[in-house]
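Number 78 in our numbering belongs to position 97 of the sequence shown; there are no gaps in the numbering. One structure below.
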Amino acid sequence: MLRGAVVRGRKNPLYTQFSTRLKKARKACGFSKRTLSDQAGLSNIVAGYLEEGGRVPRLITVERLAALLSVSPAWLAYGLEESPAARDANSVRNLAERLRELRQTQGMSRAALAVCSGVAVGAIQHIETGNASPGIDTVERLAIALGVSPAWLAFGPAAKEAQTMSVALTLGR
């Protein structure tokens, strides 16, 4: 389990089961940890760290792993299913645009979003300018603060079915 992610008495964030989903998908494909790391272009030990919960992956890594494992990145990162049509439309490339537009539509400054999400203002700025690939934990905190699905914010599926799921989530607020 990811250190510091699980809190007793509160609903756990969706990303905390990433390591379990990764292991399940890897085994279903018959890959070793090393083979998965090699195929994904990661260092030899990264898949092991991810499966042990020692690291929180960045969105770009989740997208690469999901493609290799033939699973949805939304499922791998957050355990959320999406329509088959949306799987082909997924891309972290437009995260910066989705985040900026949603924040502005809701009339929030970066500082206000930082307070609501617990994500540093500088990190939000880097994400919005496309200079950072955030981890799935950061995206989930931003999505909850904005009242949208973390899968939609992260990967931009064409359908927003899972959007209402994240509105009910809290991270201790």
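For every residue, glycine included, the Cβ atom is placed at its ideal position computed from N, Cα and C.
For R39, list the residues DSSP reports as bridge partners. In the DSSP assignment, R39 forms a beta bridge with G116.
N75 and G116 closer than 8 Å at C-beta: With respect to the 8 Å criterion, N75 and G116 are not classified as neighbours on the basis of their beta carbons.
Same chain, Cβ closer than 7 Å to A47, five either side skipped, listed in chain order: When the five nearest sequence neighbours on each side are left out, the beta carbons in the same chain lying within less than 7 Å of the beta carbon of A47 are those of S53, P54, L57, in order along the chain.
So, helix, strand or coil for Q87, using DSSP? Of the three classes helix, strand and coil, the one that applies to Q87 here is coil, per DSSP.
C-beta contact flag for I105 and R122 at 8 Å: The beta carbons of I105 and R122 sit no closer together than 8 Å.
Can you give me the C-alpha to C-alpha distance between E62 and G103, rounded to a whole angstrom? Between the alpha carbons of E62 and G103 lies a distance of about 31 Å.
Use the C-beta contact count for I26: other C-beta atoms within 10 angstroms, 16 or more gives buried, fewer gives exposed. Classification of I26: exposed, given that the 10 Å Cβ count is below 16.
How many angstroms separate the CA atom of M89 from the CA atom of A77? Each residue's Cα considered, the two are about 15 Å apart.
Helix, strand or coil: which one does DSSP assign to V96? It is helical.
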